[in-house]
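What follows is a set of notes on a single structure, which appears directly below.
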Amino acid sequence: MSKKDLKLKIDEFSSAVGSFKGVEIEIGRIYDDSWEEPMGPTPFPSVGTLRNWDRKLLDRYKPFYMPFCDLCCLCTFGKCDLTGDKRGACGITMAAQQSRIVLLACCIGASTHCAHARHMLDHLMEEFGREAPIEVALNTNVEAPNIRLVCGIKPNTLRDLEDALDYVETQLVQLVAAAHTGQEGDNIDFESKAFHAGMLDHVAMEVADIEQITTLGMPKGIPDAPMTELGFGCIDPNKAVIMCIGHNVLPSVDIIDYLMENDLFGEVEIGGLCCTAHDNSRYNTRAKVIGPISWQLRYLRSGIPDLIVVDEQCIRTDILIEAKKLGVPVIATSEKSMLGLPNRTHDPPDNIVADLVEGKAPGALIIEPKKVGEVAVKTVLGVAPTRKDYKPLSGDDIQEMAEHCRNCEECVRACPNNLPIMEAVQQAAEGNFELLGDIYPACVGCGRCESACPENMPLITFFNKGAEERIANEKFPMRVGRGAVQDVEIREVGRGIVFGEIPGVVALVGCANYPKGGIDVAKIAEEFLNRRFIVVATGCAAMDLAMIRDEEGQNLYERYPGNFDAGGLINIGSCVSNAHITGAAIKIANIFAKRPLRANYEEIADYVYNRVGAVGVAWGAMSQKAASIASGCWRLGIPVVVGPHGAKYRRNLLGRKEKDEDWMTYDARTGEEVYTGPVPEHLFYAAETAEEAIVMIAKLVMRPNDTTKGRAVKLSHYIDLHKKYYGTMPDDLQYFVRREADIPFTMKNEILEYLKEKGWVEDKIAIPDPTLLDRMVRRRE
Amino acid sequence: MAARMIPGQTAEIAGPKKAFVIPKPEVAASLIKRAKRPLLVVGSKAVETQTMDGDLIDTAIRLHNTGRLQVVATAHIVGEFMKRGAEGIHSMQMMNLGDRLRDPDWRGLDGEGAYDLVAFAGTLYYLEWLVESGLKSFAQDLTTISLSRSYQPNANWSLGTMKADKWKEVIDVIVKSITEDN
Chain A
0 MSKKDLKLKI
10 DEFSSAVGSF
20 KGVEIEIGRI
30 YDDSWEEPMG
40 PTPFPSVGTL
50 RNWDRKLLDR
60 YKPFYMPFCD
70 LCCLCTFGKC
80 DLTGDKRGAC
90 GITMAAQQSR
100 IVLLACCIGA
110 STHCAHARHM
120 LDHLMEEFGR
130 EAPIEVALNT
140 NVEAPNIRLV
150 CGIKPNTLRD
160 LEDALDYVET
170 QLVQLVAAAH
180 TGQEGDNIDF
190 ESKAFHAGML
200 DHVAMEVADI
210 EQITTLGMPK
220 GIPDAPMTEL
230 GFGCIDPNKA
240 VIMCIGHNVL
250 PSVDIIDYLM
260 ENDLFGEVEI
270 GGLCCTAHDN
280 SRYNTRAKVI
290 GPISWQLRYL
300 RSGIPDLIVV
310 DEQCIRTDIL
320 IEAKKLGVPV
330 IATSEKSMLG
340 LPNRTHDPPD
350 NIVADLVEGK
360 APGALIIEPK
370 KVGEVAVKTV
380 LGVAPTRKDY
390 KPLSGDDIQE
400 MAEHCRNCEE
410 CVRACPNNLP
420 IMEAVQQAAE
430 GNFELLGDIY
440 PACVGCGRCE
450 SACPENMPLI
460 TFFNKGAEER
470 IANEKFPMRV
480 GRGAVQDVEI
490 REVGRGIVFG
500 EIPGVVALVG
510 CANYPKGGID
520 VAKIAEEFLN
530 RRFIVVATGC
540 AAMDLAMIRD
550 EEGQNLYERY
560 PGNFDAGGLI
570 NIGSCVSNAH
580 ITGAAIKIAN
590 IFAKRPLRAN
600 YEEIADYVYN
610 RVGAVGVAWG
620 AMSQKAASIA
630 SGCWRLGIPV
640 VVGPHGAKYR
650 RNLLGRKEKD
660 EDWMTYDART
670 GEEVYTGPVP
680 EHLFYAAETA
690 EEAIVMIAKL
700 VMRPNDTTKG
710 RAVKLSHYID
720 LHKKYYGTMP
730 DDLQYFVRRE
740 ADIPFTMKNE
750 ILEYLKEKGW
760 VEDKIAIPDP
770 TLLDRMVRRR
780 E
Chain B
0 MAARMIPGQT
10 AEIAGPKKAF
20 VIPKPEVAAS
30 LIKRAKRPLL
40 VVGSKAVETQ
50 TMDGDLIDTA
60 IRLHNTGRLQ
70 VVATAHIVGE
80 FMKRGAEGIH
90 SMQMMNLGDR
100 LRDPDWRGLD
110 GEGAYDLVAF
120 AGTLYYLEWL
130 VESGLKSFAQ
140 DLTTISLSRS
150 YQPNANWSLG
160 TMKADKWKEV
170 IDVIVKSITE
180 DN
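Now the structure itself:
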């Protein structure tokens, strides 16, 4: 479908009826519906349209609330104590308040992606034209599965994407309004609204990535996307270094273009943090990826950058202070993050450059990307020579500062992971920096320790010093984000995934708020790659899993291919590329199973939930965006595992495997409600350790539709991993073995003996044509 | 006991209802002994938490051997107990456990009935904080005790913040008190 504005202006017209002058007729949109698929039941769903589906899921996966705050302080009646069964002045309960905050978090996350998409779309339509045809992936007809599924439109041009964004924006306003005092009062309805926000987020992300793939020449779903370099060590410090931080690629694209046009890559290095870095490398592999955004303080303190360019999302709000310490200017490029800087958008570039190079201004706000490109390059070339003598703190400096430690332990109490910072500082005071170096890989880089230190010690710099050698060697290859999964790949693996013969799809996404460093992400990825799961990755997680090497010096990107197939490791791309992961699940239902896609959300989600063994893993989830991305997965029936810090999202959505009545499913063939066992057991789950997470992921890929062969494969991984990490057999196999044929052959005797002890009865667990939707029943008996 | 009501992580303060600081170790022992169905939750930090017995796994085994309380290992650490020859240690992940503890109809890990007291030790500080927060609001009949070295405001009772050596002594007194009365 495409929509066009019609505007008719008549300056002067005479006819038998009369004469007209200056007549203007405007028609908002003309719908040109050339998509032959009939419209499904839920085009552009409103806040309550999919409520029944949400409630089916939330009946099974009841929220376990863990209030992060016992109070509500959102209106002037408050603060209100909501502990226990108390109610606030407006009548709200603790459960409703927690889910209300979840909703707000998801709205912030979805709005952020939507605003990002809108900013890019406005700019790109101006540059490439509103009617520029969209091109997402090779060998692909279903170009926008989320947009097709949710909105019921088939976008052909950039202009069509605007319709999807208009819808998302309208819905987000409704959702935020629901959080006002005296609106929604039921916790489950708040949860349903959070699901809605998550679904909207995936539409917005899809728009954002389609725009940039289409117009900026990013890889179009190619499995053998080129390699780029990742890590501190890939930056050449002999060049002038521009560090781009954030998520919106547009200003960086113009920096790269300026470097290319003026043949300056030999003199200037452009390195990025987080999704801007991903997308820079998708645009041009000469752009380097330094690392995840949460470590930006660490990277800044290295002294590497000669200029900092920030765009939007997850940038440090104290970036100007940090830049001042380094003696480098900052260019802000987004109205969402102007940092108090003067708006120089309309000033002549050379005037801005002069002010920045001479240190007359700490930075500049420049909203126009093209101007950013020119100013950034000229500035960095001017600033870099003045910083040649810059030296970070020496070992002697650090030792001297460490001697002032008051042993107050405030640094440890401020650290999210209670790392032994005080002990390390005390050792540094003796000239031993080893423990400082040990903290480096486990540190999340938040800098709270520095803020807490009464001696104002630059502790992040201390950790860098301790890990000096390691930092110099941080240089890894990373396959750049390839974008969407091709339709042709879905056709090839759809059967294996749906029947369980490919044991599952594990999506490693999200931020870097890890309990024990990024190595856990690589460990999780490697475990499942070795077992021939499909592993997809985006964002910070896609970077972190690159940062380990095997004995032969190869990292995971070098060892595993980039195609969407068993044993493939696929870097999908940046945060907004997450939409391609849900998109792949949707396409399995549509392309492999031929389920109608258009505005048919419930049926597709029901299919994914019951048949597609996909699990999202956000081991270091930190942001509101991570919350809304996860929420979009939940509504689509995809469980999500987070690390222990993810419990701070205030609630988990947990199944109770022992409650048989919770796991009744329709058999679409007969209409009978049958017991299908607790699969998947949870919808949102925080694991305490990576080992626990690995075992849980292996369990959560099971689905009611698994064939006996597929279930046997999945069980063999679950049992094997449980033995490996827990040192025992799982104690819940009776819930997952449906019949003897499900039992992995090599474990048959051991498991049968166990099942006998548990009173297991064969065929208690049915293998139906599973659906949670009454309307999907084909025939009633 | 010189324990302080400052949380183990700076910003992890709680709302109006906060844990009582256990004034002396015998009080903690008494609370556990008086409970009809007490449960000790041992978290993933137990192996790296040193005690007079060796580490917190060893101490939990000592407590388990008294038969006065059940022990559940969270995360993946039940294997540590098995390596040391302990039998009858339950295993359940922290989220699954928290979810069940707030259910008054849950029959416990042994199927014999609900617990009336749960003590936590060896956990990730913030994870215990969150689970106890959930239990504070949604399992109001359950008594929670934190045996952590740092004050846990969302428990009903907490040992309070103290130095590592002092904490080892306190834990030892608690265990001895429970063991000697056995």
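So the protein lines, in turn, are chains A and B. Note that numbering that gives the first Met the number 0 has the first sequence beginning at 0, numbered continuously upward. Note that numbering that gives the first Met the number 0 has the second sequence beginning at 0, numbered continuously upward. Note that CB positions come from ideal geometry on N, CA and C, so glycine has one too.
By the C-beta density criterion, Q139 of chain B is exposed, having fewer than 16 other C-beta atoms within 10 angstroms.
Using a CB distance cut-off of 8 angstroms, A511 of chain A does not count as an interface residue toward chain B. Looking at the backbone, the Cα of D253 of chain A and that of L340 of chain A are separated by about 21 angstroms.
By the Cβ criterion, the segment 466-482 of chain A is not in contact with the segment 249-269 of chain A, since fewer than three pairs of Cβ atoms, one from each stretch, lie closer than 8 angstroms. Taking C-alpha positions only, T664 of chain A is separated from L771 of chain A by approximately 6 angstroms. Interface residue (Cβ-Cβ distance to chain A less than 8 angstroms): V130 of chain B is classified as such. The Cβ-Cβ distance between L682 of chain A and Y60 of chain A falls below 8 angstroms.
For H63 of chain B, the uninterrupted alpha helix (DSSP H) run begins and ends at 55-65, by DSSP. Two segments are said to touch when three or more pairs of C-beta atoms, one from each, lie closer than 8 angstroms; by this definition the segment 553-566 of chain A does not touch the segment 597-613 of chain A. Chain B has a Cβ within less than 8 angstroms of the Cβ of P514 of chain A.
In this structure, A:V371 is the residue among A:G265, A:I289, A:V371, A:R343 with its C-alpha nearest to the C-alpha of V308 of chain A. By the rule that beta-carbons nearer than 8 angstroms mark a contact, M94 of chain B touches chain A. With contact defined as three or more Cβ pairs closer than 8 angstroms, the segment 268-287 of chain A and the segment 486-501 of chain A are not in contact. Among the residues facing chain B, P560 of chain A is not included, as its CB has no counterpart in that chain under 8 angstroms away. Between C243 of chain A and T275 of chain A, the C-beta gap is smaller than 8 angstroms, which places the two residues in contact.
Looking only at A:L751, A:M695, A:E680, A:G709, the smallest Cα-Cα distance to L56 of chain A is reached by A:E680.
The DSSP-derived three-state label of P22 of chain B is coil.
Not a single C-beta of chain B is nearer than 8 angstroms to the C-beta of A466 of chain A. Close CB contacts of Y166 of chain A within its chain, under the 7 angstroms cut and outside five residues either way in sequence, are with F43, C150 (chain order).
In chain order, A331, M337, L340, N342 place their CB closer than 6 angstroms to the CB of L364 of chain A, counting only its own chain and leaving out the 5 sequence neighbours on each side. By the criterion of at least three beta-carbon pairs nearer than 8 angstroms, the segment 585-593 of chain A is not in contact with the segment 206-222 of chain A.
Secondary structure of K287 of chain A (DSSP, three-state): strand. Scanning the segment 197-276 of chain A for uninterrupted beta strand (DSSP E) segments of 3 residues or longer gives 226-229, 239-244, 267-272, listed from N- to C-terminal end. Shown here, L338 of chain A sits in coil according to DSSP, grouped into three states, outside any helix or strand. Annotation: L116 of chain B has no Cβ neighbours in chain A at a cutoff of 8 angstroms; minimum Cβ distance is about 18 angstroms. When C-alpha distances from L714 of chain A are compared across A:A451, A:C539, A:E690, A:M746, the shortest belongs to A:M746. A distance below 7 angstroms between beta-carbons, with the five flanking residues on each side excluded, links E525 of chain A to the following residues of its chain, in chain order: L555. The way I'd put it, the segment 38-49 of chain B does touch the segment 71-79 of chain B; three or more beta-carbon pairs between them come closer than 8 angstroms.
Chain B has a Cβ within less than 8 angstroms of the Cβ of P66 of chain A.
Residues of chain B whose Cβ lies closer than 8 angstroms to the Cβ of E690 of chain A are, in chain order, A74, H75.
Neighbours of G78 of chain B across chain A, judged by C-beta separation under 8 angstroms: Y724, Y725, G726, T727. Classified as buried, D310 of chain A has 16 or more neighbouring CB atoms from the shown chains inside 10 Å of its CB. The three-state reading of DSSP puts L555 of chain A in helix, counting H, G and I together. When the beta-carbon positions are compared, V352 of chain A and T385 of chain A stay at least 8 angstroms from each other. The way I'd put it, the segment 121-139 of chain A does touch the segment 215-230 of chain A; three or more beta-carbon pairs between them come closer than 8 angstroms. In chain order, A104, I107, G108 place their CB closer than 6 angstroms to the CB of Q623 of chain A, counting only its own chain and leaving out the 5 sequence neighbours on each side.
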